[in-house]
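Single-structure report; data block below.
In the working numbering, the protein residues as written are 2 to 185.
Following this line, the structure appears as structure tokens:
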């Protein structure tokens, strides 16, 4: 991680008040555990806000305001970047977090089950660079994400998954919105 604690503090100070209000900083009885819990809460709030902002950007774009949508997309990208940096700081790497623990940013792993994290034996499509299947508890597929992209960019595509019944939001290398997949 190249980001310093001072950089993160400045980025935190610039967060919208609505996010900071959800996660009040520990001021009394400060322990490493309380600080870590607070950082996880801040990260989760930023990821949730980014997902909501992307949804709003889509609505604004559909309503015919591409500049407004681009502004919202930029805001979502900044929130995602900050959340990733906080996760790196506390060693809470997204790829090691189970899907069922809430909002998260997940590097897309080729042909890996999106909820359990298990390797998926089903082959990908010929022109897919990757695929994630979201299965229910019985093993039935409720959503499949196919990404047609440059195979060299495998580490640069992210899937944001709120829960098993929520849409899958796909982001590219710069946090740009690629698409949303609705559950089946």
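In this text, a Cβ means the ideal position worked out from N, Cα and C, and glycines have one as well.
In this structure the stretch 17–35 does not lie against the stretch 54–66, because fewer than three pairs of beta carbons, one per stretch, are closer than 8 Å. Following the DSSP letters along the chain, one finds residue 55 inside the alpha helix (DSSP H) bounded by residues 33–63. In terms of CA proximity to residue 71, 59 leads the group 10, 82, 59. In the DSSP assignment, residue 70 falls within the alpha helix (DSSP H) that extends over 67–90.
Beta-carbon to beta-carbon, residue 16 and residue 87 are separated by about 11 Å, too far to satisfy the 8 Å threshold. Counting the other CB atoms within 10 Å of its CB gives residue 44 a total of 16 or more, which places it among the buried residues. Residue 48 sits away from residue 22, with the two beta carbons spaced by 8 Å or more.
Rounded to the nearest angstrom, the gap between the Cα atoms of residue 31 and residue 19 is 23 Å. Per DSSP, residue 20 is one residue of the alpha helix (DSSP H) stretching across 18–23.
Shown here for residue 36: same chain residues with a beta carbon closer than 7 Å to its own, the five before and five after excluded, namely 27 in chain order.
Judged by beta-carbon spacing, residue 80 lies within the 8 Å limit of residue 50, meaning their Cβ atoms are closer than that value. DSSP, read as helix, strand or coil, puts residue 11 in helix.
Residue 14 sits exposed, since fewer than 16 C-beta atoms from the chains shown fall within 10 Å of its C-beta. Selection 12, 5, 6 evaluated against residue 78 yields 12 as nearest (Cα-Cα).
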